[in-house]
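Novice: One structure, as structure tokens, below. Some questions next.
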Amino acid sequence: MTANRTGNEKVVLVTGSAQRVGAAIIKDLHARGWQVIIHYRHSEQAAFKLAESLNRQRPNSAFTLKADLQQHAHIQQLAEHALQLTGRMDALVNNASTFYPTAIGEATLADWDDLMISNARAPFFLSQALTPALTESRGCIVNIVDIHATRPFKQHTIYCMAKAALGMMTASLAKELAPYVRVNGVAPGAILWPEDNTPSAIASNTQQQILASVPLARSGSPEDIARTVAFLIEDAPYITGQIIAVDGGRTHTLGME
């Protein structure tokens, strides 16, 4: 399970990175010379395909690890396996997330556990497990938060609460882990709509209402998030405890949908 390291590449673990925004973050950092660890839960085929593509570009530069972050024991195992693969950790991106509506009167305890664990508990305990390695490398953590951590989104109360917890974790760990580990966040706005025919799908009329509230009058791309993550990891040595909104200016005009 030990990797053949090539040179002095730094190592990043990105959770939930087989597809969508997570995959964009992986591709961007890999292009910058990083060794990347692609974490997945169900998307094994997509994770393998992504790693294969990156390894064709640079051998032994991309690895995959499966873990169900809903299972507490898997979090420690993920950290241990990541360190076994590469021998070091320079950055952790907590990207894995669950998102769907929980209207009052319909929310269940299972919804609460699912959303709170994926968006708050798992990032905290994975950060804790990797803190010694990140301290040794003088590394950093980037949490993918959400603009709705501070501005509520109708029928998504539990999700908003969970992301608010992740935002506070960002600020708190930035203070606790300083001066050795920087901790920042990125708060996406309208970047990728949830896939149709899923519980998290957003109706087309709601999508249009959201875009109408974006000053730049368009949605963003996963690459917008990836570039911001890379900035915080590589080019912001004096920034910690900050959450950057990547939302086309929407935060400043956001009401309650």
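Just so you know, the sequence shown maps onto residues 888 to 1144 in my numbering.
Idealized CB from N, CA, C, for every residue including glycine.
Quick caveat, the model's predicted, so the values are computed rather than measured.
(1) Regarding A1007 and the ligand SAH, is the C-beta to nearest heavy atom distance less than 8 Å?
(2) Indicate the three-state DSSP secondary structure (helix, strand or coil) for L956 in the structure shown.
(3) In three-state DSSP terms, what is Y927?
(4) From this set, Q944, A1132 and M1055, which residue's C-alpha is nearest A1074's C-alpha?
(5) Taking the alpha carbon of Y1067 as the reference point, which residue from T1127, T1037 and A1016 has its own alpha carbon closest?
(6) Identify the continuous alpha helix (DSSP H) that holds L1017 and give its terminal residues.
(7) For the candidate residues R943, A1113 and Q922, whose alpha-carbon lies nearest to that of V1029?
(8) In three-state DSSP terms, what is V1069?
(9) Sort out for me which residues DSSP pairs C1204 with in a bridge.
(10) Can you confirm whether P988, when its beta carbon is compared against all beta carbons of chain D, has any partner nearer than 9 Å?
(11) Between I1034, W921, T1057 and A1058, which has its C-alpha nearest G1136's C-alpha?
(12) Do you know how far the Cα of L1119 is from the Cα of D998?
(13) Could you tell me whether the region 1003 to 1018 touches the region 933 to 947, where touching means 3 or more Cβ pairs closer than 8 Å?
Specialist: Quick look at the numbers:
(1) The ligand SAH is not part of the structure shown, which contains no ligands of any sort.
(2) Start at 1 with the first residue of the sequence shown, and residue 956 comes out as number 69. L956 sits in coil when the DSSP states are folded into three classes, being neither helix nor strand.
(3) By 1-based counting over the sequence shown, the position of residue 927 is 40. In this structure, Y927 counts as strand in the three-state DSSP scheme.
(4) Counting from 1 along the sequence shown, the entry for residue 1074 is found at position 187. Distances from the CA of A1074 to each of Q944, A1132 and M1055 were compared; the closest alpha carbon is that of A1132.
(5) Taking the first residue of the sequence shown as 1, we reach residue 1067 at position 180. If we check each option's Cα against that of Y1067, T1127 comes out closest.
(6) For the purposes of this step, residue 1017 is taken as residue 130 along the sequence shown, with counting starting at 1. Run containing L1017: A1009 to S1024, per the alpha helix (DSSP H) assignment.
(7) Sequence index remark: in the sequence shown, residue 1029 carries index 142 (1-based). Measuring from the Cα of V1029, the nearest candidate turns out to be A1113.
(8) Along the sequence shown, read from residue 1 onward, the residue named residue 1069 stands at position 182. Residue identity differs from the one stated: residue 1069 is Arg in this sequence, not Val. In the structure shown, R1069 sits in a strand (DSSP, three-state: E or B).
(9) A question about residue 1204 goes unanswered here, because the residues of the chain that appear run from 888 up to 1144.
(10) The structure shown contains no chain D, having only a single protein chain.
(11) Here residue 1136 is taken as the residue at index 249 of the sequence shown, counted from 1. Checked all of I1034, W921, T1057 and A1058; the closest Cα to G1136 is I1034.
(12) Start at 1 with the first residue of the sequence shown, and residue 998 comes out as number 111. Start at 1 with the first residue of the sequence shown, and residue 1119 comes out as number 232. Approximately 32 Å between the Cα atoms of the pair.
(13) Judged by pairs of C-beta atoms under 8 Å, the region 1003 to 1018 does not touch the region 933 to 947, as fewer than three such pairs exist.
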